[in-house]
Amino acid sequence: MTLDPVDVLSVGLELKDGTTLPVGRLGARRRRIFFEFDPAFLRSGLPLSPYKLPLESGVHVAKESIFDGLFGVFNDSLPDGWGLLLLDRQLRRRGIEPGALTPLDRLAMVGSNAMGALRYEPDRAPVSADNQPLVLDDLAAEADRELSGTPSEILERLVLLAGSSAGARPKILANVSADRSVLQQGTGPRPEGFTPWLIKFRASGDDAQTGTVEYAYSLMARAAGLEIPETHLFASSSGPGYFGVRRFDRTESGAVHMHTASGLLHTDHRLPSLDYDNLLKAARWLTRDMTEVEKLYRLAVFNVFSHNRDDHPKNVSFLMDASGHWCVSPAYDLTFSAGPGGEHSMMIAGEGRSPAQSHIQRLGTDIGIARKKVLSIIEEVATTVASWPTFAAHARVSEEKAERIQQVLNRIALQVQK
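One rule links them: number in the numbering used here = place in the sequence shown (from 1) + 19.
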């Protein structure tokens, strides 16, 4: 089987009311990718990706090759990790070599199912009218089969349910009823009374407590003053449950433009290419609002005290409203994690392995946050994380797992006091 190559791709921006504003066109020629804004979008004045893609007429070419020639704002639409694994296996079963596809081919396969608000035509995204309720235990078992190398009999459905989601852990996009008892596929029309969620399963090497720990961390982060989407531990008959988070890139009838820090700044999230100092500077430049900078600083402090070291720039995003103003998105992917080589993915004032009080304070004051506010944020976060056993018990984390995490959190608390 062959796949007709995509040479030109139309890009649109879905607004919060569900209408789509033409953004421009992507084109490929001689292994280079070009982009040109639509005149109507230029007139809108919306800063789609202001750091690397200025809102100007003419043909734009990304200067870096980090995203195979794409600008980061479009690369944000592509799946990686689990979603990429499924898509490539689906292609191979159809007799198509994944390496033969261009970034434009892959964006067409995302089509209208991209995370955030960008939409692509021609739209080759999978479509299904199946609105049968989802059974999470069955889907988790099939996801585990794929991870173990055993072909799943429902690969096509797993691809559809994954959408363009990123991250290594298996996950699905689902529309969830108000009482959370009925789940339907989340890449099609949303039934009345349902809300959009992302639900995670265990990855290879994860223990049975993965979902409960992330749920406990979401509760702890919210108590520490972070903006956290609605979260829930969905029931399982074969384990403690599945962690779910309500999507913040969707409105009642439309979507919200979302841009990761990785895509905005053209940094590879798989390599240590960005630190918190530069992230806060970028947030100050983009949002022009120190309140938003303080939100990111609080996240950095929480990541230190809670030992969330998988804090790479794809795990930080910004949202743009209808008037073109940017803000820091709600925090996500918060859990107990070791990070690359045991260090934070992004350094704190030059320190990645053992950040102390001096590093955390300097990170805040250097960006312009008042010292009194810096100390207040540190105290609020430290006090909340010290209550980890309470959040672990509420989320039904096993006593053994909670105690192992507590030992590390105690060590960090002592380390920070140095």
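Note that beta-carbon positions come from the ideal geometry of N, C-alpha and C, so glycine has one too.
Quick caveat, the model's predicted, so the values are computed rather than measured.
Does the distance from the C-beta atom of residue i to that of residue j stay below 9 Å?
i	j	result
P58	L97	no
F220	K190	yes
L89	H79	no
G263	V195	yes
S131	Q204	no
V404	A432	yes
L105	L174	yes
L453	L202	The question about residue 453 has no answer here: the residues shown for the chain are numbered 20 through 437.
L56	L32	For the record, residue 56 in the displayed sequence is Phe; it is not Leu. Against a cut-off of 9 Å, the Cβ pair of L32 and F56 comes out as no contact.
A350	A240	yes
V400	R317	yes
Express the C-alpha separation of residue j and residue i in angstroms, rounding to a whole number.
i	j	result
H363	R372	6 Å
H288	M366	13 Å
S292	A136	26 Å
V129	D95	11 Å
T402	F321	11 Å
L126	H278	16 Å
M309	F267	22 Å
R199	A185	24 Å
F60	L34	13 Å
L353	Y70	26 Å
A411	S417	8 Å
K82	I52	11 Å
G360	E165	27 Å
L103	M134	14 Å
I386	S257	47 Å
I388	P208	43 Å
S348	E370	25 Å
Using 8 Å for Cβ pairs, my map puts residue i next to residue j. What's the rounded Cβ distance?
i	j	result
S336	Y236	That pair is no contact at about 18 Å.
F93	V232	Going by Cβ atoms, the distance from F93 to V232 rounds to 33 Å, so no, they are not a contact pair.
L338	H276	7 Å
G343	G64	6 Å
A254	A280	Not quite, the Cβ-Cβ distance comes to about 34 Å (not below 8 Å), so this is no contact.
K333	E246	Rounded, the Cβ-Cβ distance is 18 Å, inconsistent with contact.
D329	G358	5 Å
P145	L179	5 Å
A91	S68	One point to set straight first is that residue 91 is Gly, not Ala, in the sequence displayed. Right, the Cβ-Cβ distance comes to about 7 Å (below 8 Å), so this counts as a contact.
V435	A368	With 8 Å as the limit, V435 and A368 do not qualify as a contact, their Cβ atoms being about 13 Å apart.
Y234	L252	5 Å
A47	D26	6 Å
W345	L299	Not confirmed; about 14 Å, so no contact.
Rank the options by C-alpha distance to the C-alpha of residue i and give the top, closest one.
i	options	result
P215	E271, D87 and R143	E271
L110	L89, K82, I52 and R143	R143
A197	S406, E249 and L103	E249
E161	W101, F56, N194 and Y70	W101
G244	G258, P208 and E311	E311
Y139	A47, L28 and D149	L28
R381	A421, P145 and A319	A319
D226	Y70, R188 and V393	R188
L290	L74, I85, R241 and T206	I85
Y450	A389, I386, T229 and G282	Nothing can be reported for residue 450, as the shown portion of the chain is limited to 20 through 437.
G168	G114, S223 and E116	S223
R112	E172, P66 and T38	E172
L238	I424, L40 and H413	H413
L155	M134, L177, P170 and D149	L177
D124	R50, I379, R390 and D149	R50
(message) Threshold first: 4 residues or longer. Then list the alpha helix (DSSP H) segments lying entirely within the region 279-354, N to C.
(response) 280-284, 295-306 and 309-324
(message) So within the region 348-406, which uninterrupted alpha helix (DSSP H) runs reach at least 4 residues, ignoring any that extend past its ends?
(response) 376-385 and 390-404
(request) Could you pull out every unbroken beta strand (DSSP E) segment of at least 3 residues lying fully inside the region 148-216, listed in chain order? (result) 190-196 and 202-204
(request) Entirely within the region 38-119 and at least 3 residues each: give me those beta strand (DSSP E) ranges in chain order. (result) 39-48 and 51-56
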